[in-house]
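In full-length UniProt numbering, the protein residues as written are 1 to 393.
Okay, structure coming up:
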């Protein structure tokens, strides 16, 4: 590969590969199209949201070695929009000279939540106390012998996302329907606020961070409902959260975006919950509210380009659009015209034709000079728009 090809990303034969073709991939492709960077995307679904925006779309299993290896052989840089990919294939591609960001080493560590938690302990990164179990069935025995106490948070070690693979266990009956898989239990933290910081770290080692955001969760689905930037916290807590996130990124030697989710305790300490090594729901506000949105920043990181300004232009609130309960089938966005009439409101529709309860179908960003006003409008948006099916299930 010539030196020219290594650096001439724009309007050239350079190809960026993306594993995963969901909404994160689609929004990343907005930026590659802006810069005329050629892209190739693989996703298991023929209807993946990214299929229309990339230069080449491949339908394939992200966990299958041969599929991932064949896909990646003719790209120059390979990145992800989902962690659940075949890491053995990424390691094999890396050996052939394909640049893979985030690295297979980091992905292997992060893919397993138990391994991730041990990493925090080993590197002096504050996190909630936890216990590991090879199988969920072992938890009852630990309870019987005082190894752990109720209540606690149960987490599947692998393949959990969007509220899946996580459950608060308040009594033994809550264990009944949990899958018998490798897992961990965490002490239930009576936190004040859930926070997140996105760190952008270039392959040349330079880092910048976005402001601390505040996350409000849906009580049943365990999904983020609102993201507020800036977080409504003291400067002291914000500095602590940023310092913690930067330490996590540096310890991982991460390349790309790293979303670090944290708890603010009642004593104003900061505990790392988990991380995501990619663009993240907590950074969607940045498309409208920031000087450099998270998707463009991810490209800057993995291509070794100068990092962009992470400051916000205005306050931003993101509202997740998820499928309404009791609705499954062809999607309809009820009252979308009404929210488009509200000041500072921008909807993003992901392109999924079928809705089901709590499925992420889009998000709405609200920008305003005043955070409290932005949050008020966000509440109106949430009450107004409904993601329903054309025929109620």
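Beta carbons are placed, not taken as given, at the ideal position from N, Cα and C, and that holds for glycine.
* Consult DSSP for residue 87 and reduce its assignment to one of helix, strand or coil. => helix
* Three-state class that DSSP yields for residue 131 in the structure shown -> strand
* To do: Assign residue 205 to one of two classes, buried (16 or more other C-beta atoms within 10 Å of its C-beta) or exposed (fewer than that).
  => exposed
* Endpoints, the beta strand (DSSP E) within which residue 201 is located -> 193-201
* Got a sec? Which residues, its chain only, sit under 7 Å from residue 387 by beta carbon, not counting five neighbours each side? -> 321, 322, 323, 324, 331, 333, 355 and 361
* Close beta carbons around residue 279, own chain, < 6 Å, minus the five adjacent residues each side -> 24, 257, 294, 295 and 298
* Could you have a look at residue 226 and say whether DSSP puts it in helix, strand or coil? => strand
* With DSSP run on the structure shown, which of helix, strand or coil describes residue 119? -> helix
* To do: Can you grab the Cα-Cα spacing for the pair residue 255 / residue 318, in whole Å?
  => 25 Å
* Asked: Pick from 372, 219, 147 and 218: whose alpha carbon is nearest that of residue 186?
  -> 147
* Given that a residue counts as buried once 16 or more other Cβ atoms are within 10 Å of its Cβ, and exposed if not, what is residue 168? -> exposed
* Asked: Between residue 374 and residue 130, what straight-line distance do the alpha-carbon atoms span, to the nearest angstrom?
  -> 37 Å
* **Per DSSP, cross-strand counterpart(s) of residue 333** => 387
* Asked: What's the call for residue 390, buried or exposed, on a 16-neighbour Cβ count within 10 Å?
  -> exposed
* Taking just the CA atoms, how far does residue 274 sit from residue 159? -> 13 Å
* **Close Cβ partners of residue 3 (< 6 Å) along its chain, the five nearest in sequence each way excluded** => Its pLDDT being 44, under 50, residue 3 is placed unreliably in this model, and the value from its coordinates should be taken loosely. Cβ within range, chain order: n/a, list empty.
* Presumed contact (8 Å Cβ cut-off) between residue 195 and residue 94, rounded CB distance -> Going by Cβ atoms, the distance from residue 195 to residue 94 rounds to 33 Å, so no, they are not a contact pair.
* To do: Measure the C-alpha to C-alpha separation of residue 348 and residue 58 and round it to an integer number of angstroms.
  => 24 Å
* Please name the residue, chosen from 145, 189 and 226, that lies closest to residue 128 on a Cα-to-Cα basis. => 189
* the stretch 92-112 / the stretch 233-240 touching (three or more Cβ pairs under 8 Å) -> no
* For residue 193 and residue 266, the rounded distance between their alpha carbons -> 9 Å
* To do: Report the three-state DSSP secondary structure of residue 289 (helix, strand or coil).
  => helix
* Consult DSSP for residue 45 and reduce its assignment to one of helix, strand or coil. => coil
* Asked: For residue 239, which of helix, strand or coil comes out of DSSP?
  -> helix
* Considering only residues of the stretch 7-70, which uninterrupted alpha helix (DSSP H) runs meet the minimum length of 4 residues and lie entirely inside it, listed in chain order? -> 23-35
* To do: Pair every Cβ in the stretch 279-288 with every Cβ in the stretch 211-229, then say whether three or more of these pairs are closer than 8 Å.
  => yes
* To do: Assign residue 45 to one of two classes, buried (16 or more other C-beta atoms within 10 Å of its C-beta) or exposed (fewer than that).
  => exposed
* **Rounded straight-line distance, which links the Cα of residue 315 to that of residue 370** => 6 Å
* By how many angstroms is the C-alpha of residue 301 removed from the C-alpha of residue 208? -> 10 Å
* Between the CA atoms of residue 102 and residue 54 - distance to the nearest angstrom -> 20 Å
* Asked: CA-CA distance, residue 225 and residue 141?
  -> 36 Å
* **Backbone CA spacing between residue 106 and residue 231 [nearest angstrom]** => 28 Å
* What residue does the alpha helix (DSSP H) around residue 294 start on, and which one ends it? -> 294-303
* Measure the C-alpha to C-alpha separation of residue 152 and residue 175 and round it to an integer number of angstroms. => 11 Å
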